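Residue numbers (UniProt numbering), protein chains in the order written: chain H, 1 to 354; chain R, 1 to 825.
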C-alpha cells in the first residue's frame, strides 16, 4: 500500500457554501496554507474497472468487485498501511456491481451482485491443516438466480433483523432474502421501480431515540432508488413489503441512496444522488417514516454516482462524474457546507505516470 | 481542424487543417504557470510542442497514422483527387503514392491494426472502377521520389461502380464498408477472393468504427442518428441513439469497452454513450444507455476558447485511460478525462475509500488530518473511549478525557460536585432526598401542572438588607435557594476563591450586597476606573451618576461590568437586563435569580431558561434539569446537534436509572466496531449494575478447585465438588480441589499475557511474588497440555512440592512442561 500526501487547497469553488477544500496538488510543500492529508492506496489487481470496494464492520477486511467478473478479498491493516490478498472469488459471469459484508455476528459472509442476474453469498471458512496451518477458504454458500436482469445493488439489513439481504435489479424488482430455519427465503417486490432499481439501503434497526416517551416500535424499513427517478421507502408488515412512501424530487435516474446511520442524529435521513446532477437530503422530522422533507444539497457539474454517510451520519461523502469526492457537513446553521473535494488530482497524477 | 493521437508513439499528436502538424506531448507546470513560447497547454499538466510540419498537401481529406512499429511517424493521407500518399515527417520527405484510375475523392482510409501492411481506402463513385482498394504497402519499391510508378496495383478491390462512404477493419481479415448510402457490408478477406459475409441495409453508412475492446460492436451514423451494431447479429441495429443535431464524428474509447464518443455539428460538447449495459433483455423497456456530456473545461487563462466554442473534432488517446483530446475550428486543443463511476464508501471504522482508475483504491483513515477538518465526532469518540471516557470511577476524572470540549469537561466536574453536595445536604432538604443529581428544577420543587405551566411549593423568607443604601435591597432566602446557589458555584464565604475574571468576582460580591468588597476586587485588578465609577454610586433617582451610568453601561464590553451597572441602576426589581444577559453564564444568572427574585418569578425564570437551554441543546442546562427525566429532552437535543452519542450514553449510564440508559446500546456497538472489547465489557457491567435481571446467568463456570471460588462469574458460587474425588491430595492446610471443570475442556487462550482477571479480592498470600505483578497471583492459569488449572497462587503452592498435575488420575508433569510457570520461590 502506497501512501501519498495530498494537499487540500482552500478554494471557494462553491459560492453558495462558505468553504470548500479542493485537492490542488500532490506535491508537498507548494502551498503552505494547505492542509495535508494522507491517502493510502491499495492495488486491487483487478483487470478492469472496480465497481465497488467495501470494508467490513471491523475495518480488517476489504472486498472489491470489478468489471472483470471477480470479487477480491484482502486483509487490511490500514494503520500499518498493509494489505494482504486473501482470495479471488470467481462465480459471476458478468461485471460485479456491488459487494456487502454481513455483520460479523453472523460469521464472515459477503454478498455480491452482478450483471449476470445472480446474487452470490460467499462464506469464509477456516480449515486447519494437519500441520497446524490455517487455510482460509471462500465458497459460494448460496446463489440466488431469481432475477431476470442485472442485479445492481445489495445491502444487508441491520443485524437485529437477522440475516436479511435486499437486492435491487434492472428487472424492476427488489428481492429481500432472509435466512430462516437454515435456508434462504426470497420475498420479491415486483415492479418496485419501472425500468429498474439502482440502489437499496436499509434503515437502522433502532430509531435512535434517547427520549423514551415517544418511542416507536422498531420497523423494518429500507429505501430504494431507481430509473423511474424515484426514491421509495418500503416497510415490512405481516411478512409483506409495502411501499410506504414515494419520494419525488429527482428528474433523472436515481443512482444511489444512503440511509443515515443510527449512531448519531435522531432524525431519519436519506441521501439520494441522481443523474440529474443533484443530491437531495430527505429528512423525516416527525420520525413517522411518512412525511419526508427534501433539501437539495447541491447541483453538481456531472452525474452524481454515489453518496455515503460517515458513521455518525453528520458528514456526507459524494462522488461525481467529474471524478471528485466531496465531503459535506451540516453546520448548526442547518445548511449544508462543502468541506472538501478530493481525488481529481490524484487521478491525474496516476495517469501522468502511465 | 482534425486530430489523432499516434497509435505507437503515444505522446505524439497529429493535427491537420491547412497543414499537418506533429505535436509532442510533455509534462508542464500546472496552472496558473505560464509556459515557454511554442508550448500549447492542453491540460493542467500537459503541453504540446510542434516537432514537425508537413505542408505539401494542404487540406487532406483523411489521415491515419501508421500503426506498425517499423515506420517511424509514417502517415497515410487521402486527398480530394483520390491519391493516397504515405509520408513521414523526416527531413527528406519519403513518400509513396497510390493513385486510383479515376480521379475522385478519398472518403475514408484506415490501416489494419492487426496487420499494418494493409491499408484500406474508400473512394467516391467512378464508373467501372472500384470503390474500395486495399493496398499492401510493402509491395513495390519503397522509396520512390517524385516518380509515381503505376505498377502499383491494389491487392484487393471491392465494389465496382459503387461509393464507399466509410471503411473500417474488423480484426485482421474483415472489412466493413458503408456503401452507396444504403448498406453496410462486411467483407471476409481471408481467401484470395473476397467474400461478402454480411450486409445490413441502413442509411447510417458514415463514420463506421469498431470498438477495439469488444470487436463485434460497431457504430456508424447518418444525419442525427447513431446506430450501434453487433456484427454477430447484423440484420438490425442493436441500438439507435438519437441526437438533436447532425453527427460529425464517432469514436469508441480504446481503453474501455462500450464507451462511444460522439460529436455533433455546431456543438461545443461531446456526447458519451455508455452502451455496455444495454445488451440483455432489450425487448421490454428501453435499453439502458447512459448518456453523458463532456464539455472541455478550458481554464479561464485561455482566452481563445470557452465552454461555448464549437468543436471541430476529437481524438481518444490510445493507451491513457479515459483521455480524450478535443479541437476547435480555430485550433484550440484541450485534453479532458472521461471519468468512470467512482465508487465511494465510508466504513464503520471511519475509513473513507474510493476507487482511483481501474485497479486502485484510495483510502483516508481516521488518523488523518482530514477528520480534524471535518470535526468528525466519531473519531473524537474513539479517542475518548480509548482514554476510558465514562469509565473513570470519579465522575470528575471523566472530564479529563474530554479536555478538548470545555462544556463537557465542566459538566463532569459539576456532576461530581453536585453529587458530593447532594450527599451532604440531602437530609436537610426534602426535595433532593431521593435524587442523586438534582437540578434547580428539582431543588425548587417545581412540578409541571399538566397544562404546560409549572407550580412550586417553594416558600422563602424576605430579607430587607441595609448593608448599603441600595433601594431595592430586598433579597429572598430559603434552604433550597442557597442550595441552588451552591450548585451554581456561588459561595458567600469565599468570593476570592471563585473562578473566573475579577469582574465576575466583583459582580458576585455585589450580588451578595458586598459593595465594598466588589470595589476592592476591581481595584486590585486592572479595573480601578470601573471601581471608581462604582464607588460614586448613588441611588438617588435623579442623580447625575445614575443618568450617566444608565446611558453608557450597555456599551461596555465586559458582561459582568454591565451586570454590575445594571444591578446598581435597577429601578423596578425585575432585573430583566441581568437575567437575560446572554453573555453571563447560566449559573451566574440562576445564582442571581435565587437571591433577588420572589418565588413565583424565580420559578418562571427557571422554567423559561430551562426551555431555552433545551431548545439550544446547551449542556449547561443540566444545572437546571439535573440528571433527572427532565434532562432527557435536553440530552436528546444535544445529541441531535452534536451527534455525540457517546457523551449522552455515558452520562445516562453513569447518572441515570438503567432503563433510561438502555439506549446506550448504540454506543456499545460503536465500541464493538472499534474493537474496544474491554471498554465494551465494562460498560455492560456498568449498565446492568442496577438491574440484576439483566445480568446473564452464567452457562459455564470456571472455578478454582483449590479454593472453590468461581473465577468466571463473580458472585456465583463455585461448583461444590466433593472433596472425596481428590483423595490423592493429602495436604491438610489447603483444601486442594482441582479437577477438570467444564471450561477446562475448551481451548482457551494461553496463560502468558492473556490471563483472565477474575476480579476477586487480593490474595492473602504474599510470599510468592511474581515479578512486579502481585495481581497475577489471583489470575487463573492452566496447563497447556492437560488443560487443568487453578489460581496461580494455589498452583504455585502445589508445584512447590509436587511434580505431577494435582488432578486425580492425571499424570501430566505440568510444571516441567511449562517452563514459564516455573516461579521463583
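In this text, a Cβ means the ideal position worked out from N, Cα and C, and glycines have one as well.
Given the structure is predicted, the values throughout are model-derived calculations rather than measurements.
With a threshold of 8 Å between beta-carbons, can residue i be considered close to chain R, or not?
i: residue 319 of chain H; result: yes
i: residue 122 of chain H; result: no
i: residue 443 of chain H; result: One cannot answer for residue 443 of chain H here, as it falls past the ends of chain H, which runs 1 to 354.
i: residue 325 of chain H; result: yes
i: residue 308 of chain H; result: yes
i: residue 86 of chain H; result: no
i: residue 368 of chain H; result: This structure cannot settle anything about residue 368 of chain H, because the visible part of chain H is limited to 1 through 354.
i: residue 289 of chain H; result: no
Less than 8 Å separating the beta-carbons of residue i and residue j?
i: residue 166 of chain R; j: residue 248 of chain R; result: no
i: residue 123 of chain R; j: residue 111 of chain R; result: no
i: residue 4 of chain R; j: residue 315 of chain R; result: yes
i: residue 377 of chain R; j: residue 642 of chain R; result: yes
i: residue 151 of chain H; j: residue 169 of chain H; result: yes
i: residue 333 of chain R; j: residue 40 of chain R; result: yes
i: residue 57 of chain R; j: residue 85 of chain R; result: yes
i: residue 537 of chain R; j: residue 545 of chain R; result: yes
Excluding the five sequence neighbours on either side, which residues of its own chain have a C-beta within less than 6 Å of the C-beta of residue i, listed in chain order?
i: residue 236 of chain H; result: 220
i: residue 613 of chain R; result: 621
i: residue 237 of chain R; result: 227, 229
i: residue 73 of chain R; result: 88, 89
i: residue 371 of chain R; result: 379
i: residue 11 of chain R; result: 25
i: residue 120 of chain H; result: 91, 112, 140, 143
i: residue 771 of chain R; result: Summary for residue 771 of chain R: the model assigns pLDDT 43, below 50, so the residue's position carries little reliability; its value from the coordinates is reported in the next sentence. Around residue 771 of chain R: no qualifying Cβ.
i: residue 52 of chain H; result: 65, 98, 99
i: residue 198 of chain R; result: 186, 234
i: residue 157 of chain H; result: 164, 202
In its own chain, which residues sit with a C-beta less than 8 Å from the C-beta of residue i, not counting the 5 before and 5 after it?
i: residue 46 of chain R; result: 25, 26, 27, 28, 335
i: residue 221 of chain R; result: 204, 206, 207, 227, 247, 250, 262
i: residue 433 of chain R; result: 426, 427
Can you have a look at residue i and say buried or exposed, based on whether 16 or more other CB atoms are within 10 angstroms of its CB?
i: residue 580 of chain R; result: exposed
i: residue 117 of chain H; result: buried
i: residue 512 of chain R; result: buried
i: residue 785 of chain R; result: exposed
i: residue 162 of chain R; result: buried
i: residue 89 of chain R; result: buried
i: residue 210 of chain R; result: buried
i: residue 32 of chain R; result: exposed
i: residue 136 of chain H; result: exposed
Closest Cβ-Cβ distance between residue i and chain H: below 8 Å?
i: residue 227 of chain R; result: no
i: residue 314 of chain R; result: no
i: residue 118 of chain R; result: no
i: residue 365 of chain R; result: yes
i: residue 292 of chain R; result: yes
Can you list, in chain order, the residues of its chain whose CB lies under 7 Å from that of residue i, leaving out five sequence neighbours each side?
i: residue 462 of chain R; result: 474, 476
i: residue 224 of chain R; result: 242, 243, 244, 245, 246, 247
i: residue 344 of chain R; result: 354
i: residue 228 of chain H; result: 193, 194, 195
- Item | Cβ-based contacts, 7 Å cut-off: residues of the region 616-646 of chain R near chain H | Residues are counted here when their Cβ sits less than 7 Å from a Cβ of chain H; for the region 616-646 of chain R these are 632, 633, 635, 636, 639, 640, 641, 643, 645, given in chain order.
- Using a Cβ-Cβ cut-off of less than 8 Å, list which residues of the region 329-361 of chain R approach chain H; keep chain order. The residues in question are 337, 339, 340, 341, 342, 343, 344, 345, 346, 347, 348, 349, 350, 351, 352, 353, 354, 355, 356, 357, 358, 359, 360, 361.
- Query: Relative to chain R, which residues along the region 39-51 of chain H have a C-beta separation below 9 Å, given in chain order?
  - Reply: Residues passing the 9 Å Cβ filter: 39, 40, 41, 42, 43, 44, 45, 46, 47, 48, 49, 50, 51.
- Name, going along the chain, the residues of the region 2-13 of chain R whose beta-carbon falls closer than 8 Å to a beta-carbon of chain H. Hits within the stretch: zero.
- Message: Which residues of the region 375-386 of chain R have a Cβ closer than 7 Å to any Cβ of chain H? Give them in chain order.
- Response: Shown in chain order are the members of the region 375-386 of chain R whose Cβ falls below 7 Å from a Cβ of chain H: 376, 377, 378.
- Item | Members of the region 97-109 of chain R near chain H, C-beta cut-off 8 Å | So the list is empty, because no residue satisfies the distance condition.
- Task: Could you list the residues in the region 227-257 of chain H with a C-beta less than 9 Å from some C-beta on chain R, going in chain order?
- Result: Flagged, chain order: 227, 253, 255, 256.
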